[in-house]
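Read the structure below first, then the notes.
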Amino acid sequence: MSSNMKTRGVLAAASLLVSLPVLAEAPPPQQAEAPAATPQLTKAPTLVHAVEARYPAEAQAQGLTADVRLLVTLAEDGTVAEVTLAEPVANGFGEAALEAVRQFRFTPAEVDGVPAPVQVEYVYHFTLTPQAAPGEGTASQEAPKASATLTGQLISRGSRSRVAGATVRCGDDPEAPEATSDEEGRFTLQVTPGACEVRVIASNFQRYQTTETLKPNETAEVVFYLVPAGGAFETVVRSERPKKEVVRRTVSREEAQKTPGTFGDPVRVLQTLPGVARAPFIAGDLLVRGSNPGQTATLMDGVGIPILFHLLGGPSVVNAEFLDTLDFYPGGYGSQYGRAVGGVVDVTTRKGASDTLHGSVKVDFLDAGFFLEAPVAPGISVAASARRSYIDALLPLVLPEEEGETLSIVPRYWDYQLRVDFGARKQEGPEPAGGRSTGSIMAFGSDDQLTLVSSGESQANDLSLGSHTLFHRIKGDWTYRRGNLTSVFTPYVGIDKYDTEIGRAYKERDTVYTLGARETVALELSSTLTVRTGVDVLFERGHFDIEAEAPPGFEYVPFPGAAPEAERLKEVLTLHGFDGALFLESDHKVGAFTLTPGVRANLQRVGGQRNLALDPRLWARYTASERTALKASAGLYSQAPETPRFAFLPYGNPSLGYQRAFQASLGVEQRVRDGLQVDLTGFFNRRYQNVVSPGQVLTLPDGTIVQERFSNEGLGRAYGLELMVKKERTSATDKWHGWLSYTLSRAEDGREEPLPIIRDSVIDGGTGDDAYGLSPWDQTHILTLVAGYALGNGWELGGRFRFTRGRPVTPLAGGPDRYGADGNFYQPTYGRYFSSRAASFQQLDIRVDKSWRMDRWTLTAYLDVQNLANAKNAEFVFNDYRYREEYEVPGIPLLPVLGVKGSF
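Numbered by mature numbering (1 follows the signal peptide of the UniProt record, and there is no 0), the letters in the sequence shown go through residues -24 to -1, 1 to 880 in order.
This is the structure we're talking about:
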């Protein structure tokens, strides 16, 4: 019996990939930075011209069929720019499908109302259908036909997300009637009465099959739950920004959430990337490329926040489900970013769901939290989350009791986010370029407080340490797009509160009110030239309540009969500050080169002090081949001192100026094969005019001798190599992913002028190279290995190993301690400054996840074990009052965290 060969392609659904965090360094994307304006696919491409593929002769003779999945990259005009196989197919089907699809043509896809290049998944079906016997076709055509209607909705199993763009038909005959699901996942299919072997084909979902029996003239309503194809591949269209940066590293949301030691927090993956040194867990700082704490800016939707992580190595201050993208710039970042001489981290949140109610609840040993998102009206969506920790109450129950006094510091924290998004609206009047506006309002905040926890017989200790950090922000975003023009306006207000207590030596209560705005305009003049410009302003009003011991050189004369104790200085200050900037940059494409020059002009005013700084910057990228690229950057960067440091003497220095830095880098990217990339970057950073404490000794007009608390004498430099080897999952059948991150670096600090010796055992100063010595944050070797493996049936296993060389320390020289009767304290004898190092840090973490996917929700249980080997990593060392005994503040012990998460 002969057979006719029929082939037909089915276009799968397309949607923007907005869920992958992007970790990048240096210049920005071509469009304006729009924290709350994630690009949206407003018009999916449609196939308008298809070419029938040749059926492989040998496969046809054997009666073989196949479904070939391809990734098709479409240009702005709808032509096919590139076609690759999503997974290998044997018997010549893959080659035949590639040859045909290269000749296809689609209608242009539109992103935010304008044509844009996208990538879609296309399924090409090769089927064989028997020829009809003579006369059968005529008879069937002449017979009256009854009909039935199958209508329903397609939903992603476990998440309740609607599945759009799926193909529904009866049987495997590609010529049979079919329907395509709409944005709500709904479809209507006219079928012949009787048994219908339903087949549902959707991009990145497993093929769905079931049987429905319909009577003549009957309408049956159904709901089909489609199972995702697995892995992190739950989206199809990949609209990545053109690469110009010196470094761009991408980790998918799902990979990040299942990385051991991160407790499911994608932002904490930052701590495993090249160029990031390990900070003491008590602070949660980011130490990037040799910079000091506080020199890396942390932003949320483009708005500055005081901390990115909860204290003591806790999770980030944004719920993982709220995360859209994460841009990490270790150096060489674009001129739209400022207020930093180290790196920049910009976390972007996502808008709420537009299809239906979604949410999740997560509970584990550390904290509990929830996330909800839903549309509330046409074009308006809401998302909200909150979290609260309770480890401060549980950790003392599991700390081991040892001889002597063991001191641990644990956090108590909470955070929240609330966001309302307003949908796109076409502007009135004729606008051929399709002008449109979107907007959002968001409130978010965080609160952290440290608590001391002791284990052992005694609860008394000589250490008094406290810290409290709270912030709130309310921001808006208005984005306007028309043709090649994009405008983003972001106003915001906020309040920060800081409480710090270090024994009796220092207490401070700060309250800072902020008011700021950013405006960024981008214009694409041609395919080879894009210009961006904008303004960034920030107003601050600070109230500072300070209590401290008198500084060196401050003479205290007690009243007759009063106790001869050192005087404590108490002061309440109010300061106003302004920090503004104008920036301009442009992208120039010349052949295989992309050049991006830029400049940022900075102005700061605090009290009567005015500071100016001009920062020119340049980035270059050369694409040597499809697999190899070279990149370089150089530029100047400025960071204004914090407003409280401008207080009058002896609390501050009202004459401080901008901190400055020169940053340069050179690197190469090599794609070894699909899914395996190597990135090697060398960097050099030189910081100068940095704020240090204490400053120089001054003689005031009244003859009083006093030492400045702060001055712009600080120097710093760092240089090294960063290596990143990354293995990605390239298909649903690819079981493992991971990366190796290694940094070889040296960080040094110094002073421009000698430091006056007021007391013994201080750092000797100098000028030039003699002024440089090891930075207290220097870590020569930083190694991280991360791997994850999908075991199947909902099981995943992951591991992370970290090693860093110990930080420099100044050892005690031994010998007798000296007692200072005037001050009633013991004074130790130190060895050479930073002539020793603390013990190296090493830690092994593992994580096991198990997911159960129900029709309307998913349950996930996980065990995240930090410090599996229970390595004794000391974070700090304190001495007793006579400097004869040492007390270690340990890091995280063996900490198994068992948690559950339900999502729908």
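Ideal placement from N, C-alpha and C gives every residue a C-beta, glycine not left out.
Judged by DSSP secondary structure, L74 falls within the alpha helix (DSSP H) whose first and last residues are F69 to V77. The three-state reading of DSSP puts I177 in strand, counting E and B together. The shortest C-alpha to C-alpha distance from L871 to any of P91, I367, G318 and A85 is the one to I367. Rounded to the nearest angstrom, the gap between the Cα atoms of R78 and V96 is 13 Å. Cα atoms of A362 and F346: separation of roughly 6 Å, rounded to the nearest angstrom. Three or more beta-carbon pairs drawn from the region 245 to 254 and the region 773 to 782 are found closer than 8 Å, and the two stretches are therefore classed as touching. L302 and L284 have their alpha carbons spaced roughly 12 Å apart.
The three-state reading of DSSP puts D261 in coil, since its state is none of H, G, I, E or B. Between the region 61 to 71 and the region 41 to 52 there are three or more C-beta pairs closer than 8 Å, enough to call the two in contact.
Looking at the backbone, the Cα of R449 and that of T414 are separated by about 20 Å. With distances taken between CA atoms, Y718 lies nearest to H757 out of H757, P752, M830 and N578. By the neighbour-count criterion, in which 16 or more other beta carbons inside 10 Å mark a residue as buried, R586 falls on the exposed side.
Residue R581 holds the alpha-carbon nearest to the alpha-carbon of L514 among I681, G147, R581 and R662.
Using a C-beta cut-off of 8 Å, the region 240 to 251 makes no contact with the region 597 to 616, since fewer than three inter-stretch Cβ pairs fall below that distance.
For Q36, the enclosing alpha helix (DSSP H) covers residues A33 to A37.
Assignment of E772 by DSSP, reduced to helix, strand and coil, places it in the strand class. Judged by DSSP in its simplified three-state form, P351 adopts strand.
Selection T476, A493 and F163 evaluated against V469 yields A493 as nearest (Cα-Cα). Taken in chain order, the unbroken stretches of beta strand (DSSP E) that lie wholly in the region 300 to 328 and span 3 residues or more are 320 to 325. Under DSSP, the beta-bridge partners assigned to A605 are T599 and E645.
DSSP lists D391 and F447 as the bridge partner or partners of S422. Between the alpha carbons of D424 and R388 lies a gap of roughly 6 Å. Spatial neighbours of G714 in its own chain (CB-CB distance under 7 Å, excluding positions within 5 residues in sequence) are listed in chain order as K703, V762, A763 and G764.
When C-alpha distances from P21 are compared across P804, G318 and A92, the shortest belongs to A92. When the beta-carbon positions are compared, V507 and E495 stay at least 8 Å from each other. A37 sits away from T49, with the two beta carbons spaced by 8 Å or more. Between R175 and F659, the CB-CB gap reaches or exceeds 8 Å. Of the residues assessed, P306 falls on the buried side of the cut-off, its CB having 16 or more other CB atoms within 10 angstroms. Distance from the CA of F852 to the CA of A205, rounded to the nearest whole angstrom, comes to 48 Å. Beta-bridge annotation (DSSP): G452 is paired with I417.
Assignment of beta-bridge partners to R485 by DSSP yields D475 and D521. Contiguous beta strand (DSSP E) elements confined to the region 820 to 851 occur at 834 to 842, taking only those with 3 or more residues.
In the DSSP assignment, the residues bridged to E698 are T657 and T719.
In the displayed model, F200 falls within a strand according to three-state DSSP. Look at P592 here: in three-state DSSP terms it is strand. Distance between T509 and T462, taken at the CA atoms: about 11 Å.
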